[in-house]
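All remarks here apply to the structure that follows.
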Ligand code: MN
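In our numbering, the protein residues as written are 22 to 249.
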């Protein structure tokens, strides 16, 4: 069938040390996956099961760079996260088979309109406007498993204008990467091209126009954005 409109472009994320790109299908996110962050948001980490939400495919900002301060918020927050890029998918993937689905890892920021999220939580409304807005998912180039190795420990950090705000370790995740994939595949049919933001350590906070946000994960490089 011919399209009545130009076909929307699939976003590509650069792959480290390669001229090839990773095509994005869906963007899933995990909430409250580090106990200290769950506590700072007023939740009890011992009683939580994984909390999932999503962002639109075209919310990615490959390689970071300049990002426009979004409309309709006066409390934009950063959340540095390990991002898992899937090469294989499926339904009901057992934990033991989940590592074989991973293409590689990246550093991402789950930008959040915290004021809209607080209102949504109060009213039991969806998180789309607080989490799934334009340019809400800046992401570094992807490091393939084949060159970076399996990542379940290592420092994860974020600094605003040179001042460190978040520092944690991937080993502190309540649900491991393999467990996240297993849970998620019980809710959705996962597929090649899917990205999973795996949650943020404690220390989230507001950013304003002109701020320079730099973050990184051991072995996966760094990501920088500037808010316009
Ligand atoms: Mn998050």
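Heads up, the beta-carbon is just placed ideally off N, CA and C, and yes, glycines get one too. Bear in mind that the values here come from a model prediction, so they are computed numbers and not experimental data.
Runs of beta strand (DSSP E) with 3 or more residues, each lying fully within the region 103-158, are found at 123-130, listed in chain order. A direct Cα-Cα distance of roughly 14 Å separates residue 41 from residue 31. The nearest non-hydrogen atom of ligand 1 is less than 6 Å from the C-beta of residue 131. Across the set 94, 28, 62, 202, the C-alpha of 94 shows the shortest separation from the C-alpha of residue 134. The residues 88, 156, 158, 159, 160, 246, in chain order, have a CB closer than 8 Å to that of residue 82 in the same chain once the five nearest residues on each side in sequence are set aside. At a cut-off of 6 Å, the beta-carbon of residue 100 counts as near ligand 1: some heavy atom of the ligand is closer than that. A Cβ-Cβ distance of about 7 Å is found for the pair residue 51 and residue 72, placing them in contact under the 8 Å criterion. Membership of residue 203 in the alpha helix (DSSP H) is indicated by the continuous run 198-205. When only Cα atoms are considered, residue 163 and residue 217 end up about 12 Å apart.
Each of 235, 29, 27 was checked against the Cα of residue 183, and the nearest Cα belongs to 235.
Approximately 6 Å separates the beta-carbon atoms of residue 78 and residue 48; this is inside 8 Å, confirming the contact.
Under the criterion of beta carbons closer than 8 Å, residue 58 and residue 219 do not qualify as touching, at roughly 12 Å. Boundaries of the beta strand (DSSP E) around residue 243: 242-248. Within the chosen limit of 6 Å, ligand 1 reaches the beta carbon of residue 221 through at least one heavy atom. Residue state for residue 23 is assigned as coil, using DSSP reduced to three classes. If only complete runs of 3 or more residues are kept, the region 47-87 shows the beta strand (DSSP E) at 48-52, 72-76, 81-83, in order along the chain.
Here the alpha carbons of residue 86 and residue 209 stand approximately 31 Å from one another. Listed in chain order, the non-local C-beta contacts of residue 107 below 8 Å within the same chain comprise 122, 123, 124, 202, 211, 212, 213, 214, 215, 216, 217, local neighbours out to five positions each way being set aside.
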